[in-house]
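Residue numbers (the numbering used here), protein chains in the order written: chain P, 3 to 117; chain S, 94 to 202.
Some notes on the structure that comes next.
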Amino acid sequence: GAGVSQTPSNKVTEKGKYVELRCDPISGHTALYWYRQSLGQGPEFLIYFQGTGAADDSGLPNDRFFAVRPEGSVSTLKIQRTERGDSAVYLCASSLTGGRGDEQFFGPGTRLTVL
Amino acid sequence: TQLLEQSPQFLSIQEGENLTVYCNSSSVFSSLQWYRQEPGEGPVLLVTVVTGGEVKKLKRLTFQFGDARKDSSLHITAAQPGDTGLYLCAGADFNKFYFGSGTKLNVKP
Chain P
3 GAGVSQTPSN KVTEKGKYVE LRCDPISGHT ALYWYRQSLG QGPEFLIYFQ GTGAADDSGL
63 PNDRFFAVRP EGSVSTLKIQ RTERGDSAVY LCASSLTGGR GDEQFFGPGT RLTVL
Chain S
94 TQLLEQSPQF LSIQEGENLT VYCNSSSVFS SLQWYRQEPG EGPVLLVTVV TGGEVKKLKR
154 LTFQFGDARK DSSLHITAAQ PGDTGLYLCA GADFNKFYFG SGTKLNVKP
């Protein structure tokens, strides 16, 4: 009955390294979203999954970013060759169906710091 | 570039005062949501407005969606220290949500 969980809560890495961020949505939620929130800004949409498929990945900034949701539950956001500008809080949210007005439940985020 | 502009960016008031924060856009949205976010946590949904001109009340909070579905306001009556937080609006375009940069509210006891 837990909410959305994200691991790790903090990740410090060096420029050029590869990182994976994990999101466990609320059980039974078919829609899953990834956002990135920089300091002093609102969340910025990255990608939306409906089930196992990426229904909209137009927010991914470049091809270093990739996300998967192979079984329609847990999702992993993968960032290759990290850059200092990738430093931000990465938020995951899930909703029951993804329909209009459907409530999104957010996780606490993963704070990524690229040195 | 933020599609949604929120104002003011910062607001510091005394307990008991009233306040209004605004969310404006040149785009039309199918729905608009308001969230509150506290440090170290994800945003929490307060309300969703769908119909142009719609007004929703949640205890001391009143939300209004503009007639053209491009803007919204949040009014808080008799603010309390527990209202302190970052207030975000988010417009829905199909399944994609665009967030404003937020209004950081501090209510002093």
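All C-beta atoms, glycine included, are put in the ideal place defined by N, C-alpha and C.
Per-residue DSSP class, three states only, for residue i
i, result
"P:ARG24", "strand"
"P:ASP59", "coil"
"S:GLY216", "Since the first residue of chain S shown is 94 and the last is 202, residue 216 of chain S is not available in this structure."
"S:GLY184", "strand"
"P:ARG83", "coil"
"S:GLY175", "helix"
Check: residue i C-beta below 7 Å from any heavy atom of the ligand NAP
i, result
"P:LYS19", "No copy of the ligand NAP appears in this structure; indeed no ligand is present at all."
Bridge partner(s) assigned by DSSP for residue i
i, result
"S:GLU110", "DSSP, once it has assigned bridges, lists no residue as partnering S:GLU110."
"S:HIS168", "S:THR113 and S:THR155"
"S:SER123", "In DSSP, S:SER123 forms no bridge with anything."
"P:ARG102", "In the DSSP output, where bridge partners are listed per residue, P:ARG102 has none listed."
"P:LEU41", "Per DSSP, none; premise fails for P:LEU41."
CA-to-CA distance, residue j to residue i, given in whole angstroms
i, j, result
"S:PHE158", "P:GLU16", "45 Å"
"S:LYS149", "S:GLY193", "20 Å"
"P:VAL6", "S:LEU139", "17 Å"
"P:PRO10", "S:TYR191", "25 Å"
"P:ASN64", "P:ILE28", "28 Å"
"P:LEU23", "P:LYS80", "6 Å"
"S:PHE122", "S:GLN102", "22 Å"
"S:ASP186", "S:SER124", "8 Å"
"S:LEU96", "P:TYR20", "31 Å"
"P:THR54", "P:GLU105", "20 Å"
"S:ASP164", "P:GLY100", "23 Å"
"P:TYR92", "P:ALA56", "17 Å"
"P:CYS25", "P:GLN82", "18 Å"
"S:THR141", "P:VAL116", "35 Å"
Proximity below 8 Å, CB of residue i to CB of residue j
i, j, result
"P:VAL70", "P:SER77", "yes"
"P:GLY109", "P:GLN39", "no"
"P:PRO45", "S:PRO174", "no"
"S:ALA161", "S:GLN126", "no"
"S:LEU181", "S:ILE169", "no"
"S:GLN99", "S:TYR115", "yes"
"P:TYR50", "P:CYS94", "no"
Buried versus exposed, by CB contacts within 10 Å (16 or more), residue i
i, result
"S:PHE156", "buried"
"P:ALA90", "buried"
"S:ASN111", "exposed"
"P:VAL14", "exposed"
"S:THR210", "The structure shown does not extend to residue 210 of chain S, since chain S is modelled only from 94 to 202, so the question has no answer here."
"S:LEU167", "buried"
"P:THR84", "buried"
"S:THR144", "exposed"
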